[in-house]
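Structure, as structure tokens:
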Amino acid sequence: MARLNHYSKADHAIDWQLDSVVHDLRDAREQWRADHGRTNESGGRSLPSREIINEVVEAVIGAVFPMRLGPSNLRHHSEDYFVGYTLDAALNALLDQVLLELDHTAMRRGEAPQDHSDQAINIVRDFGAMLPTIRHWLDIDIMAAYRGDPAARSVDEVLLCYPGITAIIYHRLAHQLYSTGAPLLARMVSEAAHSATGIDIHPGASIGSGFFIDHGTGVVIGETAIIGDRVRIYQAVTLGAKRFPADENGQLEKGHARHPIVENDVVIYAGATILGRVTIGHDSIIGGNVWLTRSVEPHSNVSQASLQKSPC
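For the sequence shown, numbering that gives the first Met the number 0 assigns the number 0 to the initial residue and increments by one for each residue that follows.
Right, here's the structure in full:
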């Protein structure tokens with residue numbers, strides 16, 4: 000509030016008629032809670048904090064790449080101390096957020112209150128233990144971007160400047176959280192990357208090594224997509240779902256494998272849209288602005304012209 004007051008230029012109190020606004024907002028909250036079975040909620044905030052999650056991720060990224068994405072005054076002789084200190088603080092903060100998610104999920108399911116501490120500790124411990132492996136994967140991703148872009152002058156430029164690399168860093172961290180039982184936190188991490196880069200990768204998507212998104216803006220990769228090794232895609236590519244089956248009540252069914260499988264060494268050029276549980280065979284090239292809803296064999300070269308001759 001102090002910062003908000005600092006920016007106020009009013010020199011006298013103004014009647015914003017806030018009593019009515021506050022009353023109506025309370026009514027809206029109570030109506031929502033009644034509609035969603037939340038009338039028995041009490042106590043403090045029960046959901047994880049986006050602000051804290053963003054801070055945790057930034058700290059973890061700094062610890063994974065300390066001399067390039069860590070603090071500007073860091074020196075080589077103190078790298079290990081910085082990494083250990085930073086990860087200790089970040090993982091403890093993450094533990095609190097994982098506990099909030101687990102408690103909230105149990106409450107939403109109508110389960111009896113229980114202690115989720117052991118489960119949360121295991122999730123965070125597994126996340127921390129995977130960081131060296133994630134760093135190895137990211138080194139391969141960065142090298143793929145450097146080798147795949149003639150405009151790249153160094154691997155440092157790629158790491159510091161390329162939105163596709165930022166997106167894949169966030170995704171690999173988010174995917175680990177998603178895989179070990181913290182899907183809400185994972186989605187928060189992926190949406191932070193989406194906001195920063197314009198690249199929307201669901202944390203459930205499985206992505207192999209040496210992945211490179213060139214330019215990147217407008218890329219969408221769905222939850223059940225599976226991407227192999229050494230795949231390169233360009234801006235505005237969509238790996239999406241073709242249809243969304245509904246149950247007898249008209250509600251969308253969740254959990255189905257509905258996004259494409261892209262095998263190793265595939266290139267997908269700008270604007271291509273690939274929908275449904277189709278397979279793009281290895282060593283294939285999908286041309287720009289192609290709309291594809293069928294599988295293609297390995298070593299295929301798919302363009303708009305070829306699709307006009309053979310409808311998908």
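From the three backbone atoms N, C-alpha and C, an ideal C-beta is built for every residue, glycine too.
Would you mind stating whether residue 188 and residue 161 have Cβ atoms separated by less than 8 Å? Result no, Cβ atoms of residue 188 and residue 161 do not sit closer than 8 Å.
Let me know the beta strand (DSSP E) ranges lying completely inside the segment 206 to 279, each 3 residues or longer, listed in chain order. Entirely contained in the segment 206 to 279, the beta strand (DSSP E) runs reaching 3 residues are, in chain order, 237 to 239, 272 to 274.
List the whole-angstrom C-beta distance separating residue 90 from residue 123, where the pair is believed to meet the contact cut-off of C-beta under 8 Å. Rounded, the Cβ-Cβ distance is 5 Å, consistent with contact.
Cα-Cα, which of 221, 223, 198, 202 is closest to residue 211? Answer by Cα proximity: 198.
Please classify residue 291 as buried or exposed, where buried requires at least 16 other C-beta atoms within 10 Å of its C-beta. With 16 or more other Cβ atoms within 10 Å, it is buried.
For residue 53, name the three-state secondary structure that DSSP assigns. Judged by DSSP in its simplified three-state form, residue 53 adopts helix.
When the Cα of residue 147 is compared with those of 30, 134, 209, which residue comes out closest? Residue 147 has its Cα closest to that of 209, out of 30, 134, 209.
Looking at the strands, I want to know which residues DSSP matches up with residue 200. Note: residue 200 sits in a beta bridge opposite 220.
Take residue 195 and list the residues in its own chain whose beta-carbon comes closer than 7 Å to its own, dropping the five residues that flank it on each side. Excluding sequence neighbours, residue 195 sits near 165.
I need the DSSP call for residue 15, collapsed to helix, strand or coil. In the structure shown, residue 15 sits in coil (DSSP, three-state: anything other than H, G, I, E or B).
Cα-Cα separation between residue 156 and residue 149, rounded to whole angstroms: Those two C-alpha atoms are separated by around 12 Å.
Measure the alpha-carbon distance for residue 218 versus residue 228 and round it to whole angstroms. C-alpha separation (whole angstroms): 18 Å.
Residue burial classification, residue 34 (beta-carbon count within 10 angstroms, cutoff 16): With fewer than 16 other Cβ atoms within 10 Å, it is exposed.
As assigned by DSSP and simplified to three states, the class of residue 295: The three-state secondary structure of residue 295, taken from DSSP, is strand.
Return helix, strand or coil for residue 300, following the three-state DSSP convention. Three-state result, residue 300: strand.
Determine, using beta-carbon pairs with one atom in the segment 240 to 248 and one in the segment 263 to 272, whether at least three such pairs fall under 8 Å. With a cut-off of 8 Å on Cβ pairs, the segment 240 to 248 is not in contact with the segment 263 to 272, counting fewer than three such pairs.
Opening and closing residue of the alpha helix (DSSP H) in which residue 162 lies: That run of the alpha helix (DSSP H) goes 162 to 179.
With distances taken Cα to Cα, identify the nearest neighbour of residue 191 among 298, 45, 15, 51. Selected option, being the one with the closest Cα: 51.
Pick from 252, 225, 274, 203: whose alpha carbon is nearest that of residue 237? Nearest C-alpha to residue 237: 274.
Comparing alpha-carbon positions, which option in 178, 193, 287 lies nearest residue 231? The option with the nearest alpha carbon to residue 231 is 287.
If residue 184 and residue 97 are in contact, beta carbons under 8 Å, what's the gap, nearest whole angstrom? Rounded, the Cβ-Cβ distance is 7 Å, consistent with contact.
Go through its chain and collect everything with a Cβ distance to residue 68's Cβ below 6 Å, but skip five positions before and after it. Excluding sequence neighbours, residue 68 sits near 60, 61.
Report whether the distance from the Cβ of residue 263 to the nearest heavy atom of the ligand ADP is below 7 Å. Absent from the structure shown: the ligand ADP. Ligands present: none.
Inter-residue Cα distance where the pair is residue 119 and residue 95: Taking the straight line joining both Cα atoms gives about 8 Å.
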